[in-house]
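Have a look at the structure below before the remarks.
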Amino acid sequence: MDRFRIYNLQITKNMNKKELSLFKQFSQVDEGDLLFGKSQTGGEFGFFPASLLGNEGYAAVRFNLDESSPIGERCGNLEYVRQLPSLLGLGCYLVGDDHSRRKLDPNNHYKLATGEAAKLDGTMGQYQWGVRTPFYLALWLEGKYLYEAASLKPIPGRECYRIPIFSTGAGSAGIIDRVNDVLCSVISTDERYRGGIGAALTEGNASADNLSMLGYAATQKGTATFEALGRKRGEGWGAGWYWINTVVMILFDIILGTRDSQASFNASKDANGLYQGGLGYGASSMPNWDAYNGYYPFVPYSAGVELGDALGVGSYAVKKSDGSVAYNAPIPCFFGLKNPYGHLWHGRNRIVAVINADNSYSFYVAKSSLTEWKYSDTANMIKVGTINPSIVSSWNYIKRLNFQGLAGMPAEDGATSSTHRCDGCYFEKASSGFRSPLGGGHADLGALDGLAYFLGSYAPSNSIAYLSSPLCECVGDFDPIPRVYTV
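In my numbering, the protein residues as written are 3 to 489.
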């Protein structure tokens, strides 16, 4: 409890004994209790879980590489696995341009965790999903197993990636402030945030609400353009950062114990009290999308906000112009992160694919999250791997991922929708060119969608009606080079 006493002393410097005597003295502190203290690295006061004081070990999952099953085996400290979402503070926050953040009530995002009313329209900060503390990820091969592990401390003897405090748009898409031309993450039907191409749609049998595009994600911008609009918020801001998606995918693997994000949702925990199952297909079975609204967003950014920081699946009734329901769209929710796959393509930045003369793809990642990024400047990036796909210009499924630099890109194809990674991949037959990896998958692709989904046929400048990219930020910098830390 030494760290608690240090925090306690910092708090009491400006309080007299009479004031302190009004507080109850606790004989013990449980892991679920919140303590108040000052972050030395962040330089600000706030609440933190008591579990941060003494939790040892790490949370991990391992996958047998000799088997095709997407289901893994949780290992490491199982109590750590159970507590991982709360240890990391997975959930939604209001984030200011200065990277200050306020936690939202886990059960009601229209309230702050401290009880005050919260506005999600941008006036109190951007509506983001993320973590409240830095942590570490490690991946290693041991025998026939691939291990994926997370911990608040470096894992002894393993190369670890230090993950800074970060956040991404809570609705997994970008909103554009059309007045200031800057990327946002807000829930608002104000005209300045009109979605799609920035104008009302004039064709389709969608409801008037949908055709207006008010309250919907922005699309019809190139992936690199979304990054530029996100960076206008300042240093440490951008859009669609690849490593955040990979972190989400690894945390999903560990917490749910499966690589199949589209596996059916199971509200029951297993015999060890661990989550199991996936988050279902998402909104990946939208019928007649072209006739509905020409492939523009059909789920508003507000869909699923009622789920708070839940792990589960919500529903949104997509209506036609006559008021009938065209589709009850499932809304997968990963502790508050809505639609991480299955609605719109997610444009990835800080990573670029380069097609080589032999049709192979090489991947390059940025050295930093803080500096300006140009997708064509591969000389100042880190090459993290190459894949020579077995099938080009046709859909296939991912068998193995490349985690170097936390790329999260395909390393081997040849799986199915129910084996290995279970998510689709597409490599085009070309001999050159820059390609922006598109992730998540959209609502016309069914079983191809998922957290590891990859489409490699669009340049960073290409725009389309069902492509968006979420606002991203981090406190400090992300280093794509893993290190063995002195513990």
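In this text, a Cβ means the ideal position worked out from N, Cα and C, and glycines have one as well.
Values in this document were obtained by computation on a predicted structure and should not be read as measured data.
Check: Local Cβ density within 10 Å of SER395, reported as buried at 16 or more and exposed below that; Outcome: exposed
Check: Alpha helix (DSSP H) runs contained entirely in the stretch 265-341, provided each spans 4 or more residues; Outcome: 291-295
Check: Nearest-angstrom Cα separation, counted from SER71 out to ILE389; Outcome: 22 Å
Check: Three-state secondary structure assigned by DSSP to TYR195; Outcome: helix
Check: Option in ALA445, LYS105, CYS474 with minimal Cα separation from PRO334; Outcome: ALA445
Check: Residue closest to SER470, alpha-carbon to alpha-carbon, out of THR227, SER169, ARG104, TYR163; Outcome: THR227
Check: Where TYR244 falls: helix, strand or coil (DSSP); Outcome: helix
Check: For GLN38, the nearest candidate out of THR116, LEU276, TYR95 (CA to CA); Outcome: Going by the sequence as given, residue 38 is Phe instead of Gln. The shortest Cα separation from PHE38 among THR116, LEU276, TYR95 belongs to THR116.
Check: Proximity of ILE257 and TYR283 at Cβ, strictly below 8 Å; Outcome: no
Check: Span of the beta strand (DSSP E) around SER364; Outcome: 363-368
Check: Proximity to LEU213 [Cα-Cα], best of ASN341, PRO87, ALA293, ASP379; Outcome: ALA293
Check: Backbone CA spacing between GLY441 and ILE165 [nearest angstrom]; Outcome: 21 Å
Check: Spatially closest choice to GLY173 from SER463, VAL477, LEU473, by CA coordinates; Outcome: LEU473
Check: Selection from MET383, LYS385, ILE400 that minimises the alpha carbon distance to PRO391; Outcome: ILE400
Check: contact_flag[the stretch 285-299, the stretch 198-216] where n(CB pairs < 8 Å) is 3 or more; Outcome: yes
Check: Proximity below 8 Å, CB of THR248 to CB of LEU408; Outcome: yes
Check: GLY426 vs TYR455 beta-carbon contact at 8 Å; Outcome: yes
Check: Inter-residue spacing [alpha-carbon to alpha-carbon] between GLU58 and TRP142; Outcome: 20 Å
Check: Residue range of the alpha helix (DSSP H) that includes SER169; Outcome: Looking at the DSSP string, SER169 is not in any alpha helix (DSSP H); the run it does join, the beta strand (DSSP E), is 168-171.
Check: Cutoff 6 Å; reference MET288; Cβ partners in own chain excluding five residues on either side; Outcome: TYR329, ALA445
Check: Length of the line joining the Cα atoms of PHE254 and LEU457; Outcome: 21 Å
Check: Close beta carbons around GLU150, own chain, < 7 Å, minus the five adjacent residues each side; Outcome: ALA62, VAL63, LEU141, ILE252, ASP255, ILE256
Check: Segment contact, 8 Å Cβ cut-off, at least three pairs: the stretch 225-245 with the stretch 418-433; Outcome: no
Check: C-beta atoms of SER438 and GLY349 nearer than 8 Å; Outcome: yes
Check: Proximity to SER434 [Cα-Cα], best of PRO482, ALA461, LEU453, ALA319; Outcome: ALA461
Check: The stretch 367-380 in contact with the stretch 476-483 per 3-pair CB rule at 8 Å; Outcome: yes
Check: Exposure label - SER326; buried when at least 16 CB within 10 Å; Outcome: exposed
Check: C-alpha distance - PHE6 paired with LYS105, whole-angstrom precision; Outcome: Because the pLDDT of PHE6 is 36, which lies under 50, any placement of that residue in the model is unreliable, and the number read from its coordinates should be weighed accordingly. The straight-line gap from Cα to Cα measures roughly 21 Å.
Check: MET126 in three-state terms, based on DSSP; Outcome: coil
Check: Expected contact under 8 Å - CB spacing of ILE189 and VAL133 to nearest Å; Outcome: Incorrect: roughly 21 Å between the Cβ atoms, too far for contact.
Check: Nearest candidate by alpha-carbon position, reference ARG423, set PHE436, GLN406, LEU447, ASN398; Outcome: ASN398
Check: DSSP state of LEU215 mapped onto helix, strand, coil; Outcome: Contrary to the premise, residue 215 reads as Met rather than Leu in this sequence. Correct three-state label for MET215: coil.
Check: Same chain, Cβ closer than 6 Å to PRO412, five either side skipped, listed in chain order; Outcome: ILE389, ILE400, CYS427, PHE456
Check: Three-state class that DSSP yields for ASP255 in the structure shown; Outcome: helix
Check: Per-residue DSSP class, three states only, for GLU144; Outcome: strand
Check: THR418 burial status per 10 Å Cβ neighbour count (16 or more: buried); Outcome: exposed
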